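In what follows, a structure is listed as structure tokens, so that the remarks can point back to it.
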Amino acid sequence: MEGQMIVVFSLCLIGMWGTSEAVTGIFDCDSNGYQYKSCCTGVRGISASVMTKRSRSSCDAGYSFAVNGCSLWVNHGCRARFYVDFNCRNLKTSKADCSSHNYKYAECRVGGVITSINVAKKYSRSSCDFNKSFGFLGNKIWVDDGCRASFTVQYCADRKCSC
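Read in order, the letters of the sequence shown are residues -22 to -1, 1 to 141 in mature numbering (1 follows the signal peptide of the UniProt record, and there is no 0).
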């Protein structure tokens, strides 16, 4: 009986609050002139790590970057693209078209922070290679070098937190 009570109680909690899934988004944040800068992510972050450093200055967790609530902050000249881990209760998948016309860079907004993307159907003769001619950043798909496609996008549709 005691084991059954725990299971019922746990199921009630899941029903009341729902479940969440740990996911990762990608964000840019730059400390220009070695100054502190806060970059809104729109999601309550758990942790951050450097994906690609763009500065000569070091990017050390806790010293020159960290997550603080709905923001990612940088300081001391750290400029980078970051992975930000967060919990999502409402993960959705949808299709979105995005096109690089005349081989120019373009962005297309999605309804929440993107966690993954794949080409569903390519419309261009140009290649669509992940992190070369298409990718994602925050709540935007980016395309370049003539990539035109329909993408399958997974994103977090939770209500955005304010910064």
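Here a beta-carbon is modelled for each residue, glycine too, at the ideal position from N, C-alpha and C. Predicted, not measured: the structure shown is a model, and the values here were computed from it.
Residue range of the unbroken beta strand (DSSP E) whose run includes residue i
i      : result
Gln13  : Taken as a continuous stretch (DSSP letters only), Gln13 belongs to no beta strand (DSSP E), as it is neither H nor E.
Asn96  : 91 to 100
Val121 : 118 to 121
Val52  : 49 to 52
Residue i beta carbon near the ligand FAD (any heavy atom closer than 7 Å)
i      : result
Lys118 : This structure lacks the ligand FAD; in fact it carries no ligand of any kind.
Close Cβ partners of residue i (< 8 Å) along its chain, the five nearest in sequence each way excluded
i      : result
Ser42  : Ser9, Ser35, Ser36, Val52, Asn53, His54, Gly55, Cys56
Tyr12  : Ser35, Asn53, His54, Gly55
Arg32  : Asp8, Arg57, Ala58, Arg59
Phe129 : Lys73, Ala74, Asp75, Cys76, Ile95, Asn96, Val97, Ala98, Phe112, Ile119
C-beta contact flag for residue i and residue j at 8 Å
i      : j      : result
Val97  : Ala127 : yes
Cys86  : Ile119 : yes
Cys125 : Ser140 : no
Tyr133 : Lys70  : yes
Val88  : Asn117 : yes
Coil, strand or helix - residue i by DSSP
i        : result
Asn80    : helix
Asp107   : coil
Arg137   : coil
Asn65    : strand
Gly113   : strand
Thr71    : strand
Cys7     : strand
Ser128   : strand
Val(-16) : Confidence at Val(-16) is low in this model, with a pLDDT of 36, below 50, so its placement is unreliable and the value that follows should be read with caution. Of the three classes helix, strand and coil, the one that applies to Val(-16) here is helix, per DSSP.
Met(-7)  : Any answer about Met(-7) is weak, because its pLDDT of 40 lies below 50 and its placement is not dependable; what the coordinates show is given next. In this structure, Met(-7) counts as helix in the three-state DSSP scheme.
Close-in-space but distant-in-sequence residues of the same chain around residue i (CB under 6 Å, 5 per side omitted)
i        : result
Asp122   : Ser78, Tyr83, Ser111
Val21    : Phe64, Val91
Gly40    : none
Phe(-14) : Reliability of the predicted coordinates at Phe(-14) is poor, the pLDDT of 36 falling under 50, and the value obtained from them is presented with this limitation in mind. No residues qualify anywhere along the chain.
Other residues of its chain near residue i: CB distance less than 7 Å, five sequence neighbours each side excluded
i       : result
Tyr61   : Thr2, Ile4, Ala26, Ser27, Met29
Ala(-1) : Asp63, Asn65
Cys18   : Cys48, Ser49, Cys141
Arg137  : none
Asp6    : Arg59, Leu115
Residue-level contact to chain D via CB, residue i, 8 Å cutoff
i     : result
Cys37 : No chain D is part of this structure, which consists of one protein chain only.
Worksheet item: At which residue ranges does the region 16 to 47 contain complete alpha helix (DSSP H) runs of 4 or more residues, listed in the order of the chain?
Response: none
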